[in-house]
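Data block below; observations after.
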């Protein structure tokens, strides 16, 4: 399961650096990687492949490839996770991870690679732990010169050091929900899920023990079982509670305790970390922001878009930084847009209209009208493309699943201080797509590209008609 | 590590590389620099930078050695880095650093001690070995866990540099003790070290107390070490069902670990444990579905790909497992192509009566995405093949796609239609609107052949068939006359074989159609047959044409005899039964075996590890410790016995490469039953072909055995009274100069099979050994090799 060597290459396959942990693969093996990944047809490229007894595993990050070699039947998930951890660690050290930052900081890069892996086996990769041994300029002046290098923390709790002190003890908890949604051209959700994560930033002294209470449905069920008679208050709380699927925790959480009584208790690492993540898949999630697009093609090769946007969340909530990306045919010209809120620009590099709204209130409707000049010639591949509309947004103080933090208790027995817990909620768009319908022509030449249940949907019966009309458009 | 050759393109960056080296040397030696830590650090940094960029800096080795004395920790690290990089090239100079490193190993700062030990053991030169051992031993008992960790890893390195020294120092025992180190990192590294060192001998020895101990400490390990421990647990076989469930219950909560690797590790343990219990095996698979789906939708694409590959292996083994989660496999905007293709595969596999309509509609959307359109269209066809209910919807979509009149679509669609017609010949009417309207001149041979096949089978329903066939025949004849446009020999051969198979296909189709549309086809088939018979270089094609011609003319010569004509009709148009299962859909060995190697690259590459792994682990038990004299004890040993490694099971070979030929003859790791149950030749045959794992010994032969010699040698060398147990001879025979013999033996539930080939011409003796009833993977290796040694011993008089 061990890694023989790790390479960092640029997108052309030129080696930027390499660390040969075991010396059992020739460094020329990197050339094979170039052959197989950089030069091969895209459909043949896979993130794990084997050649000549060497297994190649790689990830791509910005303009870099991180490549691992193994000569054994490695645990693929582990190798990939290690590469991601490497990237993550570099990012905490250099802010932005690119070819230049690696070149500029290669000393630290080497130190890190040396500390994180020994003879192909991952060692401690926790960035907090690493920062006690390796310091970069960005993280303040190298304190090691004064104090000398420190040994990493040892003992039972490997993720937290003893003797951490803060003037003000506080803990920040961000509850972030990401909405992934795919809606068909007829308005029915095809796929919807909420991926939640609780990110904690811990500024607490000593060895605090934390307890987190959520409105998890199972907790209330558990409480109901224990309470003697029927408890209407509890029943009400249970109904509002959230059914979390597949909850996963940071290493620090006592898993056995969670499994017996759903209590989330832990000694947190210092600083920022992801405490837990969960998934809620609702088959019929109503889109928070809905976009309808009617396309009209005019003679003289102009195309007109009528876009209607409606916000389906509570009026007292507000979505920030809304961006609606409406795909348009390629090589359009002379855009002319008009919208009732925000601003709209034509982004030729993305073949799309981008409608940005800084703040969008719930329960409202807005319109966008846009006209574009079409190129006189269109190739057949372009003709068929109907990429979906994508929407980006962030809604603060709101969680779509309804998850809430009931309490966050901090207990430090020795120091016994008061601490401030801060909780924030945020719902944001993940992979949020609204599919556009087949172009369906009418005699006047206008076509609907999307909308609420279109009269002529993609049912089998309607297909023949769809075919006939689309050929008429050519 | 070999010094990387300087890359010319990078070299050009620094116009004068020699100059650089000299300049740096001058700088390092400069007394001003030497006394200014900041400047010194800058210079060393530059050296390391160039080294990374592949510029040869080995010339500075002696100067860098001097710098290692520095008090600056950063400089020390960089110099160590440099030394490890060039140590193998400058082996004689490496001796110079050893003293400094040894001094650093005793430094008061644990970080320096750890680093020095790590570097010392990473030098990969044999001259280090004698100095290394005392520091490893000291490091293993160091007060700092950082140093202990480094020392444990140094053990693996030592093992690779000099297995003999490693063995001599009984480090395996020490490592076994250190599994219980109070520091989790040290313990985790011990597990990894033992696993690697003992890999050749069947891996780390694991018993119940160790398992319990590990399970109790699992929470302490970081994710990487947890994965190693889980890997270790995979090797354990619970003794009772109760214990099995206990362990599984203790591990269950690890499914909630945030790390996908840990989840996979737990899954692998569960699957391994549940394997013998069919019911439980499926339940465990069900338990894994949920976490797998979560990681699939929340992980970066590469991890998602790993999840998909595992999901596919599980779905193939237990169809229906992921059926309800089908929406998870819909494409996302940022999915890279490899994820999309894997998702398409899953969508095909999860399609069932209930969800096919949704899946077909979704896959239909992908057909117009250029990068996946071909695969999506094929997927539609495969869904319709699996789920008959989806046929109408798929045909509708195909028709819609054909209307785009894109050639690349049509080529795939015609192949899909061919497959569908083979499975559902009765539903041909559904395809007629498509076939009637959209028939093109295709580029690919596959599409052409599919079209011709369809025309042959269903030509009576397509009015234009004769004309289409005529065109195709004409085209083929002119093509063969034309000079090949592809000048390469390979390209030409491929084209010719394509052309030939198209001609075969045309011949068959035209003949079939003759009985359906005689008047039109006669005009076409006649000249075609004539051309093939008179002017064709491929004998088989010409023979086929002749055969058809004679059959037809035979029945035509007696126009009054309807029976003959009918006979010909029946021959050419014999009713076919619809294809049931396509070979792609059938169960393969892979589906079952993949669970042995769950959570490894085998699943991703869809082949067992033995196909792509070349590394053979060193067998510690075969290594003779240098200090002790050759141990001649040849008692029967359990290959997994814990002290075997230290006892030294004899043999005087340094079996580093693990080459088969050097498997020691005096190391019987296998005990043969004295009076085994006899095998019949068919039983032997079945066991032989069923045994997955085998090895071959190639031996030089001095004396050529006759058949009787061989039989006697096998029979005499062993027997009920023989210490090795019985080796039985099944049969002997001779083929030309080669005398062959088949032999077998039993060892508990395992059946050991052998084939001996004595080649008198080449003076070579080949022994093929197979093991039936074993684990079927590399863990069989020790047994197979030990048996090989016994056979070798038995045949000793010819060698």
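Chains as they are written, first to last, in the numbering used here: chain A, 3 to 476; chain B, 14 to 812.
Where is the CB? At the ideal position from N, CA and C, for every residue including glycine.
Could one say the Cβ of residue i lies closer than 8 Å to chain B's Cβ atoms, at least one of them?
i                     : result
residue 211 (chain A) : no
residue 52 (chain A)  : yes
residue 95 (chain A)  : no
residue 179 (chain A) : no
residue 438 (chain A) : no
residue 182 (chain A) : yes
residue 238 (chain A) : no
What residue from the options has the CA that sits closest to residue i's CA?
i                     : options                       : result
residue 318 (chain A) : A:365, A:354, A:279 and A:293 : A:365
residue 111 (chain A) : A:172, A:95, A:268 and A:191  : A:95
residue 285 (chain B) : B:307, B:246 and B:134        : B:246
residue 275 (chain B) : B:552, B:338 and B:238        : B:238
residue 74 (chain B)  : B:107, B:615 and B:63         : B:107
residue 424 (chain A) : A:164, A:206 and A:287        : A:206
residue 356 (chain B) : B:339, B:110, B:55 and B:768  : B:339
residue 122 (chain A) : A:30, A:80, A:35 and A:323    : A:80
residue 59 (chain B)  : B:423, B:92, B:465 and B:190  : B:92
residue 398 (chain A) : A:8, A:178, A:219 and A:161   : A:178
residue 487 (chain B) : B:46, B:763 and B:536         : B:536
residue 60 (chain A)  : A:74, A:39 and A:73           : A:39
residue 323 (chain B) : B:269, B:802, B:394 and B:611 : B:611
residue 254 (chain A) : A:241, A:243, A:265 and A:271 : A:271
If you follow the alpha helix (DSSP H) that residue i is in, where does it begin and where does it stop?
i                     : result
residue 460 (chain B) : 458-471
residue 347 (chain B) : Where residue 347 (chain B) is concerned, there is no enclosing alpha helix (DSSP H), given that its DSSP letter is neither H nor E.
In the DSSP assignment, find the unbroken beta strand (DSSP E) run with residue i in it and report its ends.
i                     : result
residue 314 (chain A) : No beta strand (DSSP E) contains residue 314 (chain A), which DSSP labels as neither H nor E.
residue 266 (chain A) : 266-268
residue 167 (chain B) : Here residue 167 (chain B) belongs to no beta strand (DSSP E); instead the alpha helix (DSSP H) covers 158-174.
residue 294 (chain A) : 291-300
residue 423 (chain A) : 422-436
Output the distance between the C-alpha atoms of residue i and residue j, rounded to the nearest integer angstrom.
i                     : j                     : result
residue 641 (chain B) : residue 177 (chain B) : Interpretation of residue 641 (chain B) is limited by its pLDDT of 38, a score under 50 that renders its predicted location unreliable; the figure taken from the coordinates is listed afterwards. Their Cα atoms are separated by approximately 11 Å.
residue 127 (chain A) : residue 88 (chain A)  : 8 Å
residue 329 (chain B) : residue 96 (chain B)  : 51 Å
residue 197 (chain B) : residue 274 (chain A) : 23 Å
residue 159 (chain B) : residue 116 (chain B) : 18 Å
residue 579 (chain B) : residue 566 (chain B) : 13 Å
residue 374 (chain A) : residue 346 (chain A) : 13 Å
residue 538 (chain B) : residue 531 (chain B) : 10 Å
residue 176 (chain A) : residue 121 (chain B) : 43 Å
residue 105 (chain B) : residue 143 (chain B) : 15 Å
residue 460 (chain B) : residue 385 (chain B) : 18 Å
residue 189 (chain A) : residue 371 (chain A) : 21 Å
residue 139 (chain B) : residue 210 (chain B) : 18 Å
residue 341 (chain B) : residue 307 (chain B) : 9 Å
residue 216 (chain B) : residue 773 (chain B) : 40 Å
So that I know if they touch, is there some Cβ in chain A lying closer than 8 Å to that of residue i?
i                     : result
residue 170 (chain B) : yes
residue 313 (chain B) : yes
residue 661 (chain B) : Caution applies to residue 661 (chain B), whose pLDDT of 36 falls short of 50 and renders its modelled position unreliable; the model cannot decide the point.
residue 346 (chain B) : yes
residue 94 (chain B)  : yes
residue 272 (chain B) : yes
residue 304 (chain B) : yes
residue 266 (chain B) : yes
residue 622 (chain B) : yes
Practice item. Starting from the N-terminal side, write out each stretch of the beta strand (DSSP E) that is 3 residues or longer and does not extend beyond the stretch 757-783 of chain B. Key: 763-772
Exercise for review: Kindly provide the ranges of any alpha helix (DSSP H) runs that are 4 or more residues long and lie completely inside the stretch 405-460 of chain B, ordered along the chain.
Suggested key: 420-436 and 441-450
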